[in-house]
Structure formats: structure tokens, C-alpha cells
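Peer 1: Before we start, here is the structure in question, set down as C-alpha cells.
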Amino acid sequence: LERFAVRNAFIPPTALKMLRTISRPRARYELALRSIGSAGEALGRETYDWARQDLGLTVNEFYGQTECNAVLASCGALGVSRAGAIGKPVPGHDVAIVDEEGRVCPTGEQGQIAIRRPDPVMFLRYWGEDAATEAKFVGDWMLTGDRGERDADGYVHFVGRTDDIITSSGYRIGPGEIEDCLLSHPAVALAAAVGKPDPVRTEIVKAFVVLSPNVKPSVELEETIRAHVRTRLSAHEYPREIAFVDALPMTTTGKVVRRLLRADAGAAVVLEE
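Next comes the structure, spelled out in C-alpha cells:
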């Protein structure tokens, strides 16, 4: 960024979270940044606030899928921005939170993010896959497979992929809020939360944590991190297991591959008392 005097950058949320480990970036580097766009995963309040404080910029988050891209967005220059939210529907797109029957959910109620057809950027069909195309829609709503909720001001908050939702003791938990809370702990550089099968609770929350530079794992640190989340979120959301890992599995576009973590929840060493 410094060497090439980059002015406008697209930086995935995971990469921005990794940059949080650099202290006082504006004091250490000659940055010419004017704007940052980010998408691919939820940015989260912690990284949003860090960018405003340490980079002096409001990250413009946006959302879409290959089937129908860039339909939700924020724009700090226009005052359309809120910490912890993706943004609002981009003009020209009818985006809503709907239930399983395709009914628009009330404000604050969790459901699936959906886009109404016809839409100028929506795909026509999956090639040679009529059944998959039909399953993608409920009525005229194209289902994204992502869960979210809309607040009273029309901002959409991303909860998580339907496959990533954790079911614990009857609660449906999105990993994003837990991961955002974990990142607010100074010892945590990156984090991912998944559901681990449990005979009593259906699933428990298990967190995979990459520690900040020069921080060593310990049983005491594990309990401190667990208590940090427990005192900030609901009692059913804190991670009952924490695994310290060197890195998280990523796609080439910087998304955490949670299915690998779910499939091998015991792959990392868990420190136990």
C-alpha cells in the first residue's frame, strides 16, 4: 500500500482482521488510502471501528452472490454506514429478510436474505440444473442461503450462512457475533466459531483462535478468553471449547472454510485443565 501509493483498495474482511495486528499503521507507513471496500464475509463491529480509528477510513462493506451480486452496500461518503451492518439495499434491487414461506420478516426478526426477481443482475438459471434453479426460489424471492436481520433504519445485519448456524440448547446462533466478540480480546488475532456435536445441547460452540504475535497459549488464557465472551454475549453463545491454532483454513478469496473446522473439530490441540 505504501510502496505503490494505493488510493482505493478492495480488502476482504479476513485480510483487514489480519492487518489489525499492525500497531499504529498510519504512524509507521506513508499511506495514501482514500477508500476501502470489503466483502466476502461479515466485517464485524470490531474491525469496522479499528479501521476508522487506525486507518482513518470508514470501510464500505457490500454483499451479493455470483447469482445476483452487489445488492446490499454501505457508503461512508453518503452517510450510509453502520458498524456491524452490511448496509442497505442498493437502488434498483428489492432485498428483504424472508421466512421459509417467502414472507417478509418483521424488523429485528432473523430470516434469510432474499432478492426479488426480476432483477438486472440476477442469473437466469443454473445450466442444465432445473431442480437446483427451482430450489433457489420461493415465489419471486431468490434465496441466498445467508441468514440476516433488518433493523429499524433499514440496515441489514449478516448472521451467517445457513450451513454455519449453530444450534445449541434450542438457540440458533450465528458465528459472526461470537467471532467479532473474540476479536475484541487483545490476545486474539483471528477467530472462527463452529458447532460441535453434543449429546445434550445438540451442538456446543467451539472456537478456533489464532493468537496475536508474541502471545503464548495457556489454560489461563483460554479461560480469560472464554470469560471475555461470556460477559459480553448471551450465556448460550460463549465457546465451551477453544482450540489455539497457527492458521485458519481459507479460500483463495479470504473466506474461512468453516466446514473443514466442523468436520475435524478435534484437529487442533485443546488445552484442558
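Positions 3 to 275 (this note's numbering) are the ones given, in order, by the sequence shown.
Where is the CB? At the ideal position from N, CA and C, for every residue including glycine.
What's the gap between the Cα of G104 and the Cα of E239?
Peer 2: 28 Å
Peer 1: Could you give the distance in angstroms between the alpha-carbon of E222 and the alpha-carbon of I167?
Peer 2: 29 Å
Peer 1: Select from G162, R163, A75 the residue whose C-alpha is nearest the C-alpha of P93.
Peer 2: From the listed residues G162, R163, A75, the smallest Cα separation to P93 is found for A75.
Peer 1: Between E224 and R127, what straight-line distance do the alpha-carbon atoms span, to the nearest angstrom?
Peer 2: Looking at the two C-alpha atoms, the distance is approximately 47 Å.
Peer 1: Once you ignore the five residues that flank C70 on each side, which residues in its own chain have a CB closer than 7 Å to its CB?
Peer 2: I117, D121, V123, M124, F125, M144
Peer 1: Would you tell me roughly how many angstroms separate the C-alpha atoms of R174 and A229, rounded to the nearest one?
Peer 2: 21 Å
Peer 1: Comparing C-alpha positions only, which one of V161, G58, A189 sits nearest to P177?
Peer 2: V161
Peer 1: Checking the sheet assignment: what are the DSSP bridge partners for Y173?
Peer 2: S170
Peer 1: Cα separation between A265 and R163?
Peer 2: 16 Å
Peer 1: Please report the straight-line C-alpha distance between P251 and V259, rounded to a whole angstrom.
Peer 2: 6 Å
Peer 1: Below 8 Å between beta carbons: does that hold for V231 and S214?
Peer 2: no
Peer 1: When the Cα atoms are used, what is the spatial distance from E48 to S186?
Peer 2: 6 Å
Peer 1: When you compare the CB positions of G86 and G46, do they come within less than 8 Å of one another, or not?
Peer 2: Cβ atoms of G86 and G46: closer than 8 Å.
Peer 1: If P241 sits next to A209, beta carbons under 8 Å apart, how far is it from one beta carbon to the other, in whole angstroms?
Peer 2: 4 Å
Peer 1: Of all the options D248, T60, N10, Y65, which has the alpha carbon lying nearest to the alpha carbon of V211?
Peer 2: D248
Peer 1: One question on the structure: do I38 and N62 come within less than 8 Å of each other, judged by their Cβ atoms?
Peer 2: In this structure, N62 lies closer than 8 Å to I38 by Cβ.
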